[in-house]
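Take a look at the structure set out below.
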Amino acid sequence: ALMIKYKGKETVRFLCKVGAKKKGINLEDEIYKERYERELELIEGRDFQDYFLVVANMISKAKKTMLVGPSRGSSAGSLVCFLMGITEVDPIKYDLLFERFIDINRSDLPDIDIDFPDDKRESVIKELVSIYGKDNVKHIANISTMQPRGAVGEFAKALNIAPYETEELKKSLIERPDGDARANFCMQDTFETTEVGKSFLEKFPAMEKASAIENHPRHSSVHAAGIIVSNEPIMNFAGVSGRDETVMVDKYNAEYLNLLKIDVLGLRTLTVLHECAKMVGMNHMDFYSLPVEDEKTFSMFNSMRLNGIFQFEGYSLMTLTRKMGVHEFNDIVAITALARPAALQSGGANRYVKYRTGKDVPKYLGELHKETTSSTFGIVIYQEQILNICRTIGKMSWEDVNKLRKALGKSLGEEFFTKYKSKFMSGAKENGYNEMDSEFIWGEVCHGGSYAFNKSHAVAYAMISYWCAYMKCRHPKEFTVANLNNAKDEDSALKILRDAVKNDGLEYIAIDPDESLKKWSINSTGVVVGALLSIKGIGPAAANKIIKSRENKEPLPSGIISK
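Its first residue numbered 2, the sequence shown is counted upward by one per residue in our numbering.
Now the structure itself:
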């Protein structure tokens, strides 16, 4: 049983009903009803209600004072999460799958990760402490392990072997993905099977011991986001470090002990959007109901004004946006999913652009193939599509499909896939597919599996990108100021300022002894004024002094700032 009981009186069903009314969703509608009942059956069947209630309560409290991210990861695939206000993405509208969120094969808790404004994240954790008590809410620890390169370096140093002697070995170390059976024996295999490894050991036989330490814990630190919440002191289940108050378990052990782990993540963009909304007198809750098909907002993407647009400041996203253009919300979702190394290298992204821009016509193999991939022109770009194809064309069970999806992400070998292939082929045959077409579709599934993206996550994060563009085209001044006050570095701040001056005719004064506040601001004549804290050598205390003497009509403190 889960080590947490919800303290309130509400039930999951009650909150869903209230949420449906608020969001204007008719739970008697065939599609919604079927999905709602199926999700509840799984949630109640596994006794997960308390988990959902604790998280929903935490989020609804946070939403009173801050902009909470629409969702993150696979929780956007759940209608129950949407109705309870845990997420702000309707899974039916975007064709998202619940099965991507709760694994049918295992009874461990689903993962709900939530993004909060990075400057308000601590207050969310404080709120949990005030409800459950400080002994019952703790951060989990991050366990860092010895990686091959680091281990070689440390052992060599201890054995007084000069760094240049290990350079060649470090370059030749075998690398393997996590799912590989010999993932933790890279060093040993390098010593035993490669020429460089063998000759290195001949020269320094004592270094052989280094391979024994690979993947052993090295040190622990506080995991920034992972929080464990319980009804009784966490000391009853696991050790708590006296040094930093972390629970001495990693996330896998926490799951094993059935402790509730919530990821409370900080996202700077949410801070920017929240601040921007405040300046223009908009309630932060209004973001969730913005219409997502808005020409003006799309024009920001199409005119390549991507400074300050969440996710779209990266080179590969910019390139794809330039090639493809944004004409509907779906395009933002697709670009988000396609602008990653594997999708770009495999040619999937290029094919998508060709079809999307009408330079080529997609080919579908029969009705079922069209049904499952027409939204992406016959190319498999989302993990949800892999599940759908295997279910509908290959007639595979959810259990098998889920195992296959997990395997795709872990790059397991041929033999693993072969046993599922025969199931898929026989299902496709029943559906009237010939061997050649079945082979092709199976190939797409396996190939797509190496880079297919979680659509739930893509939709949720595309929404944040959309909000940024929405605010940027309607409130350029406030958007710029909010970005300047939360810029990650001077370089990105300059880009955003330059963009607004050039394209929105923004006027600004770098610094003004009479008007500059601690942070960037907009003065009464609508001019953007630089921040006192931007001046080298002025900290919060000096800034407060300047503002105070200005209010009292006294001369500015000498030596701090001269006109």
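Each residue gets a CB set at the ideal place from its N, CA and C atoms; glycine is no exception.
- Within the segment 406-473, the complete alpha helix (DSSP H) segments at least 4 residues long are 415-431 and 436-452, listed from N- to C-terminus.
- Residue pairing for Val402: DSSP places it in no beta bridge.
- Under the 10 Å beta carbon count, Leu495 is surrounded by fewer than 16 other beta carbons and is classified as exposed.
- DSSP links Phe117 through a beta bridge to Gly267.
- Boundaries of the beta strand (DSSP E) harbouring Val138: Val138 to Thr146, taken from the DSSP string.
- If you draw a straight line from the Cα of Arg341 to the Cα of Tyr462, it is about 15 Å long.
- Three or more Cβ pairs drawn from the segment 221-231 and the segment 131-146 lie within less than 8 Å of each other, which places the two stretches in contact.
- According to the DSSP assignment, Val19 belongs to the alpha helix (DSSP H) that extends over Val13 to Lys24.
- When the five nearest sequence neighbours on each side are left out, the beta carbons in the same chain lying within less than 6 Å of the beta carbon of Leu160 are those of Ala207, in order along the chain.
- Contact holds between the segment 272-281 and the segment 117-130, because three or more Cβ pairs, one in each stretch, are under 8 Å apart.
- When DSSP states are grouped into helix, strand and coil, Tyr253 belongs to the helix group.
- Listed in chain order, the non-local C-beta contacts of Trp468 below 6 Å within the same chain comprise Leu274 and Phe288, local neighbours out to five positions each way being set aside.
- Taking all protein chains shown into account, Tyr253 has fewer than 16 neighbouring C-beta atoms within 10 Å of its C-beta and is therefore exposed.
- Our two residues, Gly531 and Leu507, have alpha carbons roughly 13 Å apart in a direct line.
- Shortest Cα-Cα distance from Gly46 to any of Ile115, Ile105, Asp181 and Leu202 involves Ile105.
- Under the Cβ criterion (8 Å, minimum of three pairs), the segment 427-445 does not count as touching the segment 290-305.
- Of all C-beta pairs linking the segment 226-236 to the segment 180-196, fewer than three are shorter than 8 Å, placing the two stretches out of contact.
- In the three-state scheme derived from DSSP, where H, G and I count as helix and E and B as strand, His285 is classed as helix.
- Three or more pairs of CB atoms, one per stretch, sit closer than 8 Å, so the segment 341-353 contacts the segment 371-380.
- Annotation for Ser131: the continuous alpha helix (DSSP H) segment containing it runs Arg122 to Tyr133.
- Measuring C-alpha to C-alpha distances from Tyr316 to each of Glu329, Leu339, Val460 and Lys407 identifies Leu339 as the nearest.
- Three or more beta-carbon pairs separated by less than 8 Å are not found between the segment 359-377 and the segment 51-67, which leaves the two stretches without contact.
- For Arg219, the uninterrupted beta strand (DSSP E) segment begins and ends at Pro218 to Val230.
- The beta carbons of Arg406 and Gln386 sit no closer together than 8 Å.
- Between Pro71 and Ile465, the C-beta spacing is below 8 Å.
- For Ser522, the pairing in a beta bridge is given by DSSP as Val530.
- For the 8 Å CB-CB criterion, Ile5 and Val55 form a contact.
- Contact annotation: Leu98 and Gly78 have beta-carbon atoms nearer than 8 Å.
- For the options Asn455, Asn504, Ile497 and Lys554, the alpha carbon positioned closest to that of Gly74 is the one of Asn455.
- Annotated three-state conformation of Val248 is strand, per DSSP.
- For Ala542, the enclosing alpha helix (DSSP H) stretches over residues Pro541 to Glu552.
- Contact between Tyr95 and Val528 does not hold, since the beta-carbon distance rounds to 42 Å and is not under 8 Å.
- If you look at Glu100, you'll find it isn't in any alpha helix (DSSP H); DSSP assigns it neither H nor E.
- Taking every protein chain shown into account, the CB of Arg244 has fewer than 16 other CB atoms within 10 angstroms, so this residue is exposed.
- Counting only the Cα atoms, Leu271 lies some 38 Å from Glu555.
- One alpha carbon belongs to Arg36, the other to Thr191, and they sit about 51 Å apart.
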